[in-house]
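Asks: Protein chains in written order, with the numbering used here: chain A, 78 to 436; chain B, 78 to 436; chain C, 78 to 436; chain D, 78 to 436. This is the structure I have questions about; it appears just below.
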């Protein structure tokens, strides 16, 4: 019960169904005195909104955010910040066919199993539309982190088997927004877009990986033994729709190595203790060490395809399901701002928590 | 702050340093009336304790559990259950050399950065010894889950590049405990043991993967949108020492597939709605669907190696560090009961939470 | 930080300032399948809204509730319920005079001290207007409790020194709503109204006591040792604006008695174990015992008076403050539905928690 | 479920039954670097322990605290502090007669109703012995508060109808520990002691009031709207065994006043904004204002009396109950350190929370 809140000190609670009146978020715990511009929030929402390019869903939602509370004369006041995004393009009829039928690999069956009732329109609460609320709150988290010099950048590093070969250090991450797929390597981006175009025409979908890089994070963030920084990042990332895997630092690749190869040796770099390599991904023992934090999030291909699939209805009777309406062939480009938002929420929370590490 | 508590309703708080007087755990929220046998708890601890075989650390700790509260005449009473494990084999001298020096890829530097003080002996709080407390509490979680017919079994599926080829459905998991490395495939187990022996002699360490399988879990567990069942499993697993990655169901492999290949079609199997395939890993939209839950946890090679490594001390001066004492060449065999314990804690918590899904 | 959430399983988060765009509440954790009628929520809000009678503030707010999420086809779906109440009658100019000056016994000074910034209009977040959000959520809590046969009724038992002499057992609580002051004893009610009228004309304010009675509560609610039922009720009541005291059962009067007088003896009443007297107020050891729960909440006189008062501004300069606009001479009549709402929220939460007391 | 944890950032979890092996507490969230002396903890426990004078229970428990973790070389390390107090004087036979019978106004019946099982010996978990764990943790909270200049002193202000007439400002609180009953007014103390002696001889018990005074608290502590400072104090106090009422500042007396009499006017005292009077009890809008915080806690007479009382057993059969063993005739003298401990825990938690009020 009550699983719609995330964070301990910098804490969000989201609400809203895909085809209800609105979705929204309450952010409680934002320190007072932070400059907050509504257009910075809107800018992040625009990166996530549907209809932004030909390789995303063509559904039209402006996703215009309204601030209902918590900000006065451009600054946070320390009281809860309420952000509301009205739902606009509600073609609920597109979903009449799944009122009873269970879409394969969707949450229709499990919501029914759990609650005995569900708002089937557009996936209801299980729709990825809910993540817009996270992005709005995450925009404020980013503003807080900026005051501490912490910068978060995510990008698409793989679509199916088309992969960026370069590591994040070798890439110019400022190029991420320069193409539709949000991959900072232009050539690879082009191939990814071509693949997504092809898959879309086939009525199919495709998965891949988003990589996230956090620079400027000071040492000390993370609360052992359970609220390790990477453990909270893992939960945050896996809570995003379609995410099936998380790895940080050397990740699964590192599990093939010997300790003598994997260890990051310390050195003194002009009076600052640093590591020569960074297979730890900027986190040791669950606490940031001042190096760059980086991690990967794997996304399965979206379940809604434009082809008929055999299924059953709530009575167990056979029912064919086929995607109607307007859907994404690939979740990855729009997942980039969501990954950043969730990372920002985790880091803002831990940044506040860490203020109390010492007397 | 206060990161030593895990779970919402079935909630544990652990304490203790590697070379302090004791480690322990308080379990709050265990329903009353559960039969609890101290030897069942001890049995799980024995699977985790050091010195159990030649491929684990030779440190000798009996890890004998004491029950201080919460159990009366063999049953839980609904009050907090306090379990204490005294520390016995405290060769603190083995750690004098790292009082100031920072061991590579350990938590020495980050604990110092965060807290400005640390109990350096044996890694203090950052030692994997803390996980014994989790295993003790997890044993009780397993007892609760058994009453609901839920069974958790983990095994070592890969050590470095030596991998079990068979899927979990093809294995006889009752064989897991029949060999030192806890791999249910006897031939692969033999190769893994040989590799670990070799690595140990080289003074090096090696990583790999633990796979965990949950059978008998009813549909309905998981609390969207943030406390999705797999999101909580991810956090639980990443909170274990040396864990660097988590994937469930089809995991990262599934990100290479098309939606039309990946989707799990529903069918009616003798009146029960089931999926033909199980790439979803028993969880859809963050809620269990009644199929088998399975996931992988990647562990990096342990940082403590028996070779000299260049490092620095807290003043930034050069210092050479070399593992002394008795350490594991491979974390995986002893990680198996820890993964099971953390999975049990997550599932017990969600099983209780799910009782309130409906009026 | 993050103090705007109340409850563990049946959990609300409120937001909104007195003169912002809206106030509202997210209710997370309401079990699915509960019948929820918007007009039942509105009815409770109407009991609290300003302008309802001549002895309350004449400010006009319709306090019309909108349901944004969580309810589908008249039933709760298990997802967060978002209720929004737009602010209408925002005469912000009435508050220009206190932009800098600190009103005596208000929260102006402390909000400034804590946050360094405040929305001064109408008291901002510290305004009692926030309690409308609690009443809206409390209405749903009442609906849940009704399914369990639990009934909550509060009334005004004292205004200044005009007191209802009868105990709650001797009163006909169905008379509470029959008069402006919400006192079920008609003669005393008349005297209370006369006093409030007189005080209002004097530009002054007056305090008193609300008594709350909970009938039909089964034995077992309450979670020792900290979340005792009466401890959570105490916190809930003291969180209401102007509340300065709480007592349950025999309360402060009981502290004058001997144990031999005070103890409630058990007896067998037709096969049911009951107490002959009820000085325990229906709660023993922090757990409900099946008898009627009752408690008192003391409210100080409202701080805003229509007379000039000496004060200082944020620079410490002398400033005279005098109430402008439209204010309540007595908080008590409108406090009755707020006390009921907070009691309902506590009981609904504990009712859910108690489902997990036993295996 | 899981009601044995108190606090958000400075957070304790207690465990243990009256006649089990031990009671104890885990304190998580104590900032690193705090000087902690075990004898300061012991000193507070000695103020609470049984057998300390002729007007308390003659049960002999040394209540010797052991530190198991979290403190290294005399300082907190930021990791959980585990404090254990072994149970010594366990005359469990004294309780055989209540294994089935329900003692009037005790928690025997409600624990059985809730959990279906209970450790009846000495009241089990419902015994006031549990508060020793709180006192131990509260001693550390006091140490943290001392670094901020916050001082907490409680005293017995009334036993039955024998009351200290002077206000807390008029008393010399350093006299509190100079007599058995912990009343700083020597003459009144003498009368209280005589009354308790008389009541003890009669085999009866008596209640009263503890007053608590907090000096040196800076403005800004308290987290509206639910976690108001006085709301959290109310919960903390009502969670103590036998507490039946709480009031702060002017309390219930203030509810008889007019607003014009009750308001605390601000003034500039040598550049500091202060209030001329302090009916607000140092808290306005739920946030401390820098003035002295004071509140009263009412305790009912202890339920265990040395006289036969009519009761029933778990089958509803008539059973006579009479106190055996050694019990307190008056809870108040030993409640003083408990009230202080709970106040310290609330203030330490809020002091940490308030660090994040501003960017």
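C-beta atoms are modelled at their ideal positions from N, C-alpha and C, and glycine is treated no differently. As the structure is a computational prediction, the values presented were derived from the model and not from experiment.
(1) Do you know how far the Cα of residue 316 (chain C) is from the Cα of residue 234 (chain B)?
(2) Which same chain residues, not among the five before or five after residue 383 (chain A), have their C-beta less than 6 Å away from its C-beta?
(3) Can you give me the C-alpha to C-alpha distance between residue 419 (chain A) and residue 325 (chain A), rounded to a whole angstrom?
(4) Is residue 138 (chain C) helix, strand or coil by DSSP?
(5) Residues of the segment 87–98 of chain C in Cβ contact with chain A at a cutoff of 9 Å, in chain order, please.
(6) Scan the segment 79–129 of chain B and note each continuous beta strand (DSSP E) run of 3 residues or more that stays entirely inside, going in chain order.
(7) Quick one: list the residues of chain C neighbouring residue 326 (chain D), beta-carbon separation under 7 Å, in chain order.
(8) Compare the beta carbon distance of residue 312 (chain D) and residue 405 (chain C) with 8 Å and say whether it is the shorter of the two.
(9) Output yes or no for whether 8 Å exceeds the beta carbon distance between residue 421 (chain A) and residue 215 (chain A).
(10) According to the Cβ coordinates, are residue 209 (chain D) and residue 125 (chain D) closer than 8 Å?
(11) From the beta carbon of residue 278 (chain C), is the nearest beta carbon of chain D less than 8 Å away?
(12) Count the CB pairs spanning the segment 185–200 of chain D and the segment 347–367 of chain C that are closer than 8 Å, and state whether there are at least three.
(13) If you count every other CB in all the chains shown that lies within 10 Å of the CB of residue 170 (chain D), and 16 or more means buried, which is it?
(14) Over what stretch of residues does the beta strand (DSSP E) that includes residue 323 (chain C) continue unbroken?
(15) Let's see if you can read the secondary structure: which residues bound the beta strand (DSSP E) around residue 160 (chain D)?
(16) Closest to residue 228 (chain D) by CA distance: which of D:130, D:286, D:178, D:290 is it?
(17) Within the 8 Å Cβ cut-off, does residue 228 (chain A) reach chain D?
(18) Does the Cβ of residue 346 (chain A) have 16 or more other Cβ atoms within 10 Å, making it buried, or fewer, making it exposed?
(19) So residue 351 (chain A) is in the beta strand (DSSP E); what residue range does that whole segment cover?
(20) With burial defined as no fewer than 16 other Cβ atoms inside 10 Å of the residue's Cβ, what is the status of residue 430 (chain D): buried or exposed?
(21) For residue 226 (chain A), does the three-state DSSP call read helix, strand or coil?
(22) Determine the chain A residues that contact residue 111 (chain D) at a beta-carbon separation under 7 Å, and present them in chain order.
(23) Tell me which same chain residues have a C-beta within less than 8 Å of the C-beta of residue 102 (chain A), skipping the five on either side of it?
(24) Quick one: give me the first and last residue of the beta strand (DSSP E) that residue 397 (chain C) is part of.
(25) Is the beta carbon of residue 398 (chain B) closer than 8 Å to that of residue 181 (chain B)?
(26) Below 8 Å, can you find three or more Cβ-Cβ pairs linking the segment 326–344 of chain D to the segment 331–340 of chain C?
(27) Since residue 293 (chain B) meets chain C, which of its residues come closer than 8 Å, beta carbon to beta carbon?
(28) Which ranges does the beta strand (DSSP E) cover as unbroken runs of at least 3 residues, wholly within the segment 264–327 of chain A, from first to last along the chain?
(29) Check the Cβ of residue 250 (chain B) against every Cβ in chain A and list those closer than 7 Å, keeping chain order.
(30) By Cβ distance, which residues of its chain are closer than 7 Å to residue 266 (chain B), with the 5 residues on each side in sequence left out?
(31) On the criterion of 16 or more Cβ atoms from any shown chain inside 10 Å, does residue 275 (chain C) qualify as buried, or is it exposed?
(32) Let me check understanding here. Comparing Cα to Cα, which of B:292, B:278, B:221 lies closest to residue 250 (chain B)?
(33) Please report the residue range of the alpha helix (DSSP H) in which residue 336 (chain A) lies.
(34) May I ask you to list, following chain order, the residues of the segment 296–316 of chain D that have a beta carbon less than 7 Å from some beta carbon of chain C?
(35) Using a cut-off of 9 Å between C-beta atoms, extract the partners of residue 211 (chain C) located in chain B.
(36) Check for me: the beta strand (DSSP E) holding residue 388 (chain B) runs from which residue to which?
Replies: A quick look at the data gives this:
(1) For the purposes of this step, residue 234 (chain B) is taken as residue 157 along the second chain, with counting starting at 1. For the purposes of this step, residue 316 (chain C) is taken as residue 239 along the third chain, with counting starting at 1. About 54 Å.
(2) Your numbering for residue 383 (chain A) matches position 306 in the first chain. Counting only Cβ-Cβ distances below 6 Å, and skipping sequence neighbours, we find 280, 400.
(3) Counting from one through the first chain, the residue named residue 419 (chain A) turns up at place 342. Counting from one through the first chain, the residue named residue 325 (chain A) turns up at place 248. Cα-Cα distance, rounded: 15 Å.
(4) Numbered from 1 along the third chain, position 61 holds the residue referred to as residue 138 (chain C). Coil at residue 138 (chain C), not helix or strand.
(5) 87, 88, 90, 91, 92, 93, 94, 97, 98
(6) You should have 88–92, 99–105.
(7) For the purposes of this step, residue 326 (chain D) is identified with residue 249 of the fourth chain, where counting begins at 1. Here the neighbours are 321.
(8) Locating residue 312 (chain D) in the fourth chain gives position 235, where the first residue counts as 1. Locating residue 405 (chain C) in the third chain gives position 328, where the first residue counts as 1. Not a contact, by the Cβ cut-off of 8 Å.
(9) On the first chain, residue 421 (chain A) is found 344 positions in, with the first residue counted as 1. On the first chain, residue 215 (chain A) is found 138 positions in, with the first residue counted as 1. It is a contact, given that the beta carbons lie within the stated cut-off.
(10) Your numbering for residue 209 (chain D) matches position 132 in the fourth chain. Your numbering for residue 125 (chain D) matches position 48 in the fourth chain. Yes, Cβ-Cβ distance for residue 209 (chain D) and residue 125 (chain D) is below 8 Å.
(11) Taking the third chain and counting its residues from 1, one reaches residue 278 (chain C) at position 201. No, no contact with chain D.
(12) yes
(13) Taking the fourth chain and counting its residues from 1, one reaches residue 170 (chain D) at position 93. Burial call: exposed.
(14) Stepping through the third chain from its first residue, residue 323 (chain C) is reached at position 246. If you look at residue 323 (chain C), you'll find it in the beta strand (DSSP E) that goes 320–325.
(15) Counting from one through the fourth chain, the residue named residue 160 (chain D) turns up at place 83. Taken as a continuous stretch (DSSP letters only), the beta strand (DSSP E) holding residue 160 (chain D) covers 158–163.
(16) Counting from one through the fourth chain, the residue named residue 228 (chain D) turns up at place 151. Considering only alpha carbons, the answer is D:290.
(17) As a first step, residue 228 (chain A) is located in the first chain; it is residue number 151 there, counting from the start. Cβ-Cβ to chain D under 8 Å: no for residue 228 (chain A).
(18) Here residue 346 (chain A) corresponds to residue number 269 of the first chain, with the count starting at 1. Exposed, since its Cβ has fewer than 16 Cβ neighbours within 10 Å.
(19) The count along the first chain starts at 1 and reaches residue 351 (chain A) at position 274. 349–352 is the extent of the beta strand (DSSP E) around residue 351 (chain A).
(20) Residue mapping note: residue 430 (chain D) aligns to position 353 of the fourth chain, counting from 1. Label assigned to residue 430 (chain D): buried.
(21) The residue given as residue 226 (chain A) occupies position 149 in the first chain. Judged by DSSP in its simplified three-state form, residue 226 (chain A) adopts coil rather than helix or strand.
(22) On the fourth chain, position 34 is the one that residue 111 (chain D) refers to. Here the neighbours are 436.
(23) In the first chain, the residue the question calls residue 102 (chain A) occupies position 25. Only 89, 90, 91, 92, 159, 160, 210, 211, 213, 214 meet the Cβ criterion.
(24) The count along the third chain starts at 1 and reaches residue 397 (chain C) at position 320. 395–398 is the extent of the beta strand (DSSP E) around residue 397 (chain C).
(25) Along the second chain, one-based indexing puts residue 181 (chain B) at 104. Along the second chain, one-based indexing puts residue 398 (chain B) at 321. In this structure, residue 398 (chain B) lies closer than 8 Å to residue 181 (chain B) by Cβ.
(26) no
(27) As a first step, residue 293 (chain B) is located in the second chain; it is residue number 216 there, counting from the start. At a C-beta separation below 8 Å, residue 293 (chain B) has no neighbours in chain C, since its nearest C-beta there lies roughly 17 Å away.
(28) Segments of the beta strand (DSSP E) lying fully in the segment 264–327 of chain A: 285–292, 320–325.
(29) In the second chain, counting from the first residue as 1, residue 250 (chain B) sits at position 173. Simply none; closest approach about 21 Å.
(30) Stepping through the second chain from its first residue, residue 266 (chain B) is reached at position 189. Closer than 7 Å at Cβ, skipping near neighbours: 256, 258, 260.
(31) Here residue 275 (chain C) refers to the residue found at position 198 when the third chain is read from its first residue. It counts as exposed.
(32) Along the second chain, one-based indexing puts residue 250 (chain B) at 173. For residue 250 (chain B), the nearest C-alpha among the options comes from B:292.
(33) Position 259 of the first chain, counted from the first residue, corresponds to residue 336 (chain A). Where residue 336 (chain A) is concerned, the enclosing alpha helix (DSSP H) stretches over 336–339.
(34) 296, 297, 300, 301, 302, 303, 304, 305, 307, 308, 309, 311, 312, 315, 316
(35) Here residue 211 (chain C) refers to the residue found at position 134 when the third chain is read from its first residue. Those within 9 Å of residue 211 (chain C) in chain B number zero; the least Cβ separation is about 21 Å.
(36) Position 311 of the second chain, counting from 1, holds the residue named residue 388 (chain B). Start and end: 386–389.
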